[in-house]
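Residue numbers (the numbering used here): 51 to 275.
All C-beta atoms, glycine included, are put in the ideal place defined by N, C-alpha and C.
Only one structure is covered here, and it is reproduced in the block below.
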């Protein structure tokens, strides 16, 4: 399968994700200013859910501009991807995030570290990508200020952190401060493994303190008359 050459990089193998992101932003500004109204407009969750549907059903097919590419968006909430497509033997699993630029702090979860490791271990042609759409509300309308479409390994570790959810959750520290790099997947994943080792050592220390605290509580109860 091939696609319009304007969206391929010089090696004719990889998608030009930055160009696609720009077309998604243009589409949203032209077609989705009045996506929500009233209280729903001020709800980040409502905006995020609505935009996820719009991007999967209309904006992404428009941005790719090729009827031969099937964009899937029928994934369950437990799936790591909100939408996906395949091009030139590569599978793009995409998580859609939205960000109101007038919020002081926004720390979205991206993916379980274990789930990402399994996904990349399965096939080198798998890509877990993030689409982040930034927006603001002006005069009752949604104005889309920016859109990024990047594989997770293009997110600089300076703007990421690990959260204590499940086996460890990769998170953006603050969506107001995104940083990108051209680190190779191998280097990025090795960095992840090193950070996970440090993360787990800290969690072991925390668990030890909690265990000791409840041991003391148990002693107190056993000594009660």
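What's the C-alpha gap between residue i and residue j?
i	j	result
residue 224	residue 132	21 Å
residue 185	residue 150	5 Å
residue 56	residue 189	Below a pLDDT of 50, predicted positions are generally treated as unreliable, and residue 56, at 42, falls in that range; no measurement from the model is reported.
residue 171	residue 115	31 Å
residue 220	residue 159	6 Å
residue 180	residue 174	17 Å
residue 228	residue 209	6 Å
residue 268	residue 253	22 Å
residue 222	residue 272	45 Å
Check whether the Cβ atoms of residue i and residue j lie closer than 8 Å to each other.
i	j	result
residue 130	residue 165	yes
residue 153	residue 183	no
residue 178	residue 218	no
residue 67	residue 163	no
Taking residue i as the reference, which of the options has the closest Cα?
i	options	result
residue 203	195, 217, 197, 161	161
residue 198	275, 153, 159, 144	144
residue 247	138, 212, 169, 174	212
residue 139	124, 128, 176	176
residue 142	128, 122, 157, 155	122
Does the beta carbon of residue i fall short of 7 Å from some heavy atom of the ligand GDP?
i	result
residue 128	The model on display carries no ligand, and the ligand GDP is accordingly not part of it.
What is the C-beta distance between residue i and residue j, in whole angstroms, given that I count them as a contact (C-beta under 8 Å)?
i	j	result
residue 112	residue 73	7 Å
residue 102	residue 146	5 Å
Can you confirm whether residue i, when its beta carbon is compared against all beta carbons of chain C, has any partner nearer than 8 Å?
i	result
residue 239	Protein chain content of the structure displayed is limited to a single chain, and chain C is not contained in it.
Review point. Does the region 76-91 come close enough to the region 107-117 to have 3 or more Cβ pairs within less than 8 Å?
Key: Yes, the region 76-91 touches the region 107-117.
Exercise for review: Report yes or no: do three or more beta-carbon pairs, one from the region 252-262 and one from the region 193-207, lie closer than 8 Å?
Suggested key: Flag = no, the region 252-262 and the region 193-207 do not touch.
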